[in-house]
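For the sequence shown, the residue numbers in our numbering are 12 to 67.
Glycine included, each C-beta is placed from N, C-alpha and C at the ideal position.
These numbers were taken from a predicted model, which means no experiment stands behind them.
These notes are about the structure you will find just below.
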Amino acid sequence: MITDPDDAVFLWHEPDLSGPGWDAYAHREHAGLVKPDPTPERLLARILIVRTLSDG
Numbered sequence: 012m013i014t015d016p017d018d019a020v021f022l023w024h025e026p027d028l029s030g031p032g033w034d035a036y037a038h039r040e041h042a043g044l045v046k047p048d049p050t051p052e053r054l055l056a057r058i059l060i061v062r063t064l065s066d067g
């Protein structure tokens, strides 16, 4: 739990299907440990490979 607002670092906004969603925060010392989700990059790589192979 983040008790000091000055120690909070905004990470991202998490959308919700039935409402406005919520903001995700981390402690300043832990914010660097958060890594992005690699799924979109893998998906884009697969799409580009398929497109490249099917053009030839």
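- Alpha carbon to alpha carbon, what distance is there between residue 30 and residue 14? Residue 14 sits at position 3 when you count from the first residue of the sequence shown. Residue 30 sits at position 19 when you count from the first residue of the sequence shown. Near 26 Å, if we compare the C-alpha coordinates of residue 30 and residue 14.
- Which residues bound the beta strand (DSSP E) around residue 22? By 1-based counting over the sequence shown, the position of residue 22 is 11. Run containing residue 22: 19–25, per the beta strand (DSSP E) assignment.
- Task: In the DSSP assignment, find the unbroken alpha helix (DSSP H) run with residue 56 in it and report its ends.
- Result: Within the sequence shown, the letter at position 45 stands for residue 56. Segment 50–66, the alpha helix (DSSP H) holding residue 56.
- Which residue's Cα is closest to the Cα of residue 21: 28, 62, 36? In the sequence shown, residue 21 corresponds to position 10, counting from 1. Checking every option, the nearest Cα to that of residue 21 belongs to 36.
- Are the beta-carbon atoms of residue 18 and residue 41 separated by less than 7 Å? For the purposes of this step, residue 18 is taken as the residue at position 7 of the sequence shown. For the purposes of this step, residue 41 is taken as the residue at position 30 of the sequence shown. Result no, Cβ atoms of residue 18 and residue 41 do not sit closer than 7 Å.
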